[in-house]
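To start, the structure itself, in structure tokens.
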Amino acid sequence: MKVFRDLLRDYRFFWGFWILVMTVVFASLSFFSPYDPGLWGEAPRDMRPSAEYWLGTDSNGQDIFWIATFAVRNSLTIALIAGLVSRVIAVTVGMVAGYLGGKSDRVLMFVSDSLLVIPLFLMIVLLAMLIRDSMSVISLGLLLAIFGWAWDARLIRSQILSLREREFTKTAVLSGTGTMKLVMNEYMPYSTPLIFSTLINNMAWAIGLEITLAILGLLDLSIPTLGTMLYWAISYQAVLLGRWWWVLTPIVLSIFLFVALYWLSVSISEYLDPRRRIQRVGVG
Amino acid sequence: MFVRRYLIPRFVQYILVIFFGVTAVFIIPRLLPNDPVMRTIAELRARGASLEPGAMDKIIADMTKMYGLEGTWLDQYGDFWMRLMRGDLGVSFFQFPTPVSTLIVTALPWTVGLLLTTTIFAWVIGNVLGAFAGYYSSSRWAQGMDAVAMVIRPMPYYIFAFALLLLFAYAVRWFPVSGGSSFGRQPSFTLPYIQDVLWHSFLPALSIAVLGMAVWFQTMKLVVQSVVGESYVQYARLGGVTERKIVTRYVFRNALLPQITGLALSLGLIFSGALITEIVFSYPGLGTLLYRAIINGDYNLIMGITIFSIFAITTTVLIVDLIYPLFDPRIRYS
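Those protein sequence lines, which keep their order, are chains D and Y.
Its first residue numbered 1, the first sequence is counted upward by one per residue in the numbering used here.
Its first residue numbered 285, the second sequence is counted upward by one per residue in the numbering used here.
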């Protein structure tokens, strides 16, 4: 709690946190939606924003306000699944590689280095085409999780490498603490903030990829997400035809999400280590 | 020592990554339930072509051969590598029978032209602004620019492109909404044509450049801020070295080193660059090519683009890794 209060003093954490809370509130409005997101033509088509349709309606005959609540909810769910599952992989790989060292370290780091060099995006495109018919919020989250751990596993590994050299590791090992207990009880508390900040970065990455894949038409386009909203807007030429409100809503929502997540992550990593500021901002 | 400890493992990794990457590209489409040959024929029929049974068998056999789908998977795999070594990426299913490599070569100059100019432009401007903002970090304009960068930086480039599109092409109507050049214009090296291309490339270029500038600005500012605090800078100042010399020789020069490696790395990413930005602005580069390939289910073309990117990116990263020490004398592989 004290950490949280300290962090809230940073204006970036403050705004990032509250924007994210607002987004989650907005997303949970979807539970009270008068519309079924799977149905088209429930509202009149192509209406400008008005008292009745706050954010207007699209060419599919859907109320943009309510579809956007579903979109944010689904995009956040995809990002959370991708983030949490890939955290499990990243933490396991990072800790095993860092703690055991030797051959397992070299093999694991080779795999993660390779994932970093390969044009992952195109690989994900190929795989997404393969499972296009069974693409759901969960399967997309898992697909992204498989690829989203490499860089973070490296970060966690290097932290474990330095923790392993500390006095308390020796004390713990010599006094007969099991490896599992040592890692869980002694290392985890140190790693938690780092894991948390990588989780936030990873979520932003996942939302970005979700939007990219959707614009390429590789998602189930009947599921509303920030990406599929943009897909429909592009395929109906919304910009050319002057239906700016259709594009504006998902764009503004994404900008809020990306800025909030970035500010949270910058703020947390500065809190962790001021010297890391340079690296943090450096690697895009 | 350098060769054995660094060069050989790095090169082995390079080969292995290409090997596994290309193998994955070979396997993934073969896991798909549908048969590309039968699908192409179904498409031909849907367009109203009537075929005799005998001619049909011949077409199927020819297509199977052409798509490299003859024999067992192992035969196909060997054949796949053989063709790859000759630079043959097969033919496009959709724009039959144009070779995939021709399509890539046609789209490539657009993408490279757009990204090369914007990357270098963004690098220069971003670094200059970042350097001054870092040196005079307490001034108001430096802090203002920092705040702007903090907002622009986290946006994916296509989200930013959309925002610019809404602002300029729709709300203000200064720039054309889409296309690489005006419709129906013949490519030529005349001034009006070049002006036309530049005019149409302006918005996609601006979106990539401004975003890149925010990134370089932030890194440069932080590096300069930390270099200014170094003791050798303070020593030089106490020793009476002129302010100008401190700024150019002591601070900027040292701060520029990591930025040069950063530039090299981002040049490597050009090949898979701004795919969605191209789609948003219907710009005729690799991104739009990929988009059409996905829409039409043109696997050969997608595989071709992927394999091309694997080669391009891994090779650039390898080259950057190897010339690192030339840029930064502090790094030695030993």
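Beta carbons: idealized from backbone N, C-alpha and C, even for Gly.
Return the CA-CA distance between residue i and residue j, expressed in angstroms with no decimal places.
i        : j        : result
LEU122/D : GLY101/D : 32 Å
LEU8/D   : GLY16/D  : 10 Å
ARG276/D : SER269/D : Because ARG276/D carries a pLDDT of 49, less than 50, the predicted location of this residue cannot be relied on, and the following value inherits that uncertainty. Taking the straight line joining both Cα atoms gives about 7 Å.
SER550/Y : LYS342/Y : 48 Å
PHE444/Y : ILE436/Y : 8 Å
ILE620/Y : PHE168/D : Residue 620/Y lies beyond the stretch modelled for chain Y, which goes from 285 to 618, so this question has no answer here.
PHE501/Y : VAL412/Y : 8 Å
SER267/D : ARG5/D   : 13 Å
ALA260/D : THR249/D : 17 Å
GLY178/D : ASP359/Y : 51 Å
MET497/Y : LYS181/D : 47 Å
ALA520/Y : VAL499/Y : 30 Å
PRO383/Y : GLY371/Y : 11 Å
ILE124/D : GLN297/Y : 21 Å
VAL93/D  : TYR190/D : 17 Å
GLY428/Y : PRO488/Y : 25 Å
VAL601/Y : LEU142/D : 28 Å
ILE579/Y : LEU315/Y : 19 Å
GLY468/Y : ASN584/Y : Because GLY468/Y sits at a pLDDT of 49, beneath the cut-off of 50, its placement in the model cannot be relied upon, and the following sentence gives the value as read from the coordinates. Rounded to the nearest angstrom, the two C-alpha atoms are 29 Å apart.
TRP394/Y : LEU573/Y : 11 Å
LEU161/D : TYR99/D  : 7 Å
ILE563/Y : GLN518/Y : 51 Å
TRP407/Y : LEU353/Y : 46 Å
Which whole-angstrom value is the C-beta distance of residue i and residue j, which I expect to be below 8 Å?
i        : j        : result
TYR575/Y : LEU216/D : 6 Å
PRO224/D : ASN60/D  : PRO224/D to ASN60/D, Cβ: 10 Å. No contact.
LEU194/D : GLN159/D : 6 Å
LEU495/Y : MET439/Y : 7 Å
SER197/D : LEU140/D : That pair is no contact at about 23 Å.
VAL247/D : ALA238/D : 5 Å
For a contact defined as C-beta to C-beta under 8 Å, what are the partners of residue i on chain D?
i        : result
ALA447/Y : ILE251, ILE255
THR307/Y : Near THR307/Y there are no residues of chain D at all, since even the closest Cβ is about 12 Å away, more than 8 Å.
LEU398/Y : Those do not exist, as LEU398/Y stays about 18 Å from chain D at its closest Cβ, beyond 8 Å.
How about residue i: is its C-beta nearer than 9 Å to some C-beta of chain D?
i        : result
PHE304/Y : yes
GLY338/Y : no
ALA345/Y : no
ILE594/Y : yes
ILE589/Y : yes
GLY569/Y : no
THR598/Y : yes
VAL525/Y : no
PHE467/Y : In this prediction, PHE467/Y scores a pLDDT of 49, lower than 50, which makes its location untrustworthy; no coordinate-derived value is stated.
GLY374/Y : no
VAL564/Y : yes
Taking a contact to mean a Cβ-Cβ separation below 9 Å, would you say residue i touches residue j in this structure?
i        : j        : result
VAL535/Y : ALA447/Y : no
MET587/Y : PHE310/Y : yes
ALA206/D : ILE78/D  : yes
ILE138/D : ILE81/D  : yes
SER104/D : ALA150/D : no
LEU570/Y : LEU392/Y : yes
SER136/D : ASN201/D : no
ALA548/Y : VAL512/Y : no
In chain D, which residues lie less than 7 Å from residue i when you measure between Cβ atoms?
i        : result
VAL435/Y : VAL259
ILE560/Y : THR212, ILE215
PRO301/Y : One point to set straight first is that residue 301/Y is Val, not Pro, in the sequence displayed. By Cβ distance, chain D contributes SER114, VAL117, ILE118.
TYR575/Y : LEU216
VAL601/Y : VAL117
MET439/Y : ILE255, PHE258
LEU551/Y : Residues of chain D passing the Cβ test: none, with the nearest at roughly 14 Å.
Return no unless some Cβ of chain Y is closer than 9 Å to the Cβ of residue i.
i        : result
ALA204/D : yes
LEU144/D : no
LEU76/D  : no
GLY98/D  : no
PHE168/D : no
PHE147/D : no
PHE70/D  : no
MET22/D  : no
TRP263/D : yes
PHE121/D : yes
What in chain Y is Cβ-close to residue i, meaning under 8 Å?
i        : result
MET135/D : Ordered by position in chain Y, no residue passes the 8 Å Cβ test against MET135/D, which lies about 13 Å from the chain.
LEU174/D : Neighbours of LEU174/D on chain Y: none; closest Cβ ~34 Å, over 8 Å.
GLY38/D  : Here the premise fails: no neighbours, minimum Cβ distance about 23 Å.
Chain C beta carbons: is any one of them nearer than 9 Å to that of residue i?
i        : result
VAL412/Y : Among the protein chains in the structure shown, which are D and Y, there is no chain C.
Which residues of chain D have a Cβ atom closer than 9 Å to the Cβ of residue i, listed in chain order?
i        : result
VAL512/Y : Under the 9 Å cutoff, chain D gives no residues; its nearest Cβ is about 13 Å from VAL512/Y.
LEU315/Y : LEU130
At a CB-CB cut-off below 9 Å, which residues of chain Y make contact with residue i?
i        : result
MET180/D : Neighbours of MET180/D on chain Y: none; closest Cβ ~32 Å, over 9 Å.
Mind listing the chain Y neighbours of residue i? Cutoff is C-beta to C-beta under 7 Å, in chain order.
i        : result
GLY208/D : PRO440
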